[in-house]
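Enquirer: The numbers in the numbering used here rise by one with no breaks, and the one at position 58 of the sequence shown is 1403.
Backbone N, C-alpha and C define an ideal beta-carbon position, used for all residues, glycine too.
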Amino acid sequence: MDKRNLEATKKALLDATETLMTGCDDPVLVTSRSIAKEAGVNVAMINYCYGSREALLLAVFQRIQEGGQASNPIFTEILRGNRSPKEKLIEVHIESMKMMLEYYNYAKAITKYVLLNRRIGGERKSLSFIMEHFEGRKTEAECRLIAYELSSLHELTVLRYEELKETCGIDLLVESELRKYVTKHVNMFLTD
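Pasting the structure below:
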């Protein structure tokens, strides 16, 4: 398959998956077969282009997330504002969790995959805030671990937010409760 056809197939799969995910109540219903049918390609192209259905779902979620961040002025405000690195980290996590809750079908479909397959030392948007906060008091490796732990905790929290509300009385859909929850965890991880 030539590069142009490959890129067209990847885009068709992304578009089809987004269409199916936004139109369903349960991400389990978005099967590899239904994605391939919607995209008009052979089901094997999912693995060929993305490695797995879950990786494709993640790519769609990242596309939506990047589009949401680009169109949401709050992310620009957070990054350019005069807040401390810790405050920026809190705000980025709050906004990211809001987005995951808003697109819960995607989050539910990909979080397990992300938690089990993401590289621990991989790039995180929050890494720069953590390194800036510690100002050399922790190594880059230590800061990468903190970024990984914090993002994993919050992703798992979103995945289980209904049980968290039922069991602990914390409703992440209420911004003040989400803010309190995120601030508590950021403060726990960013101690000196």
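Just to check my reading of the structure: A1538 and M1390 have Cβ atoms closer than 8 Å, yes? What is that Cβ distance to the nearest angstrom?
Expert: As shown, the chain starts at 1346 and ends at 1537. That puts residue 1538 outside it, with no answer to give.
Enquirer: What's the call for E1422, buried or exposed, on a 16-neighbour Cβ count within 10 Å?
Expert: The residue is exposed, with fewer than 16 neighbouring Cβ atoms inside 10 Å.
Enquirer: Judging by CA-CA distance, which residue of R1378, K1431 and D1370 is the nearest neighbour of K1529?
Expert: The shortest Cα separation from K1529 among R1378, K1431 and D1370 belongs to K1431.
Enquirer: Which one of D1371, L1351, I1419 and A1454 has the shortest CA to CA distance from R1398?
Expert: Looking at the Cα atoms, A1454 is the closest of the given residues.
Enquirer: In the structure shown, what three-state DSSP assignment does E1480 receive?
Expert: Coil, per DSSP.
Enquirer: Could you tell me the distance, in whole angstroms, from the CA atom of L1509 to the CA atom of R1425?
Expert: Computed Cα separation, rounded: 33 Å.
Enquirer: Ignore the nearest five residues each way along the sequence and tell me which others in M1445's own chain have a CB closer than 6 Å to its CB.
Expert: The residues are A1452 and V1503.
Enquirer: With 16 other CB atoms within 10 Å as the buried threshold, where does C1394 fall?
Expert: Counting Cβ neighbours within 10 Å, C1394 comes out buried, since at least 16 surround it.
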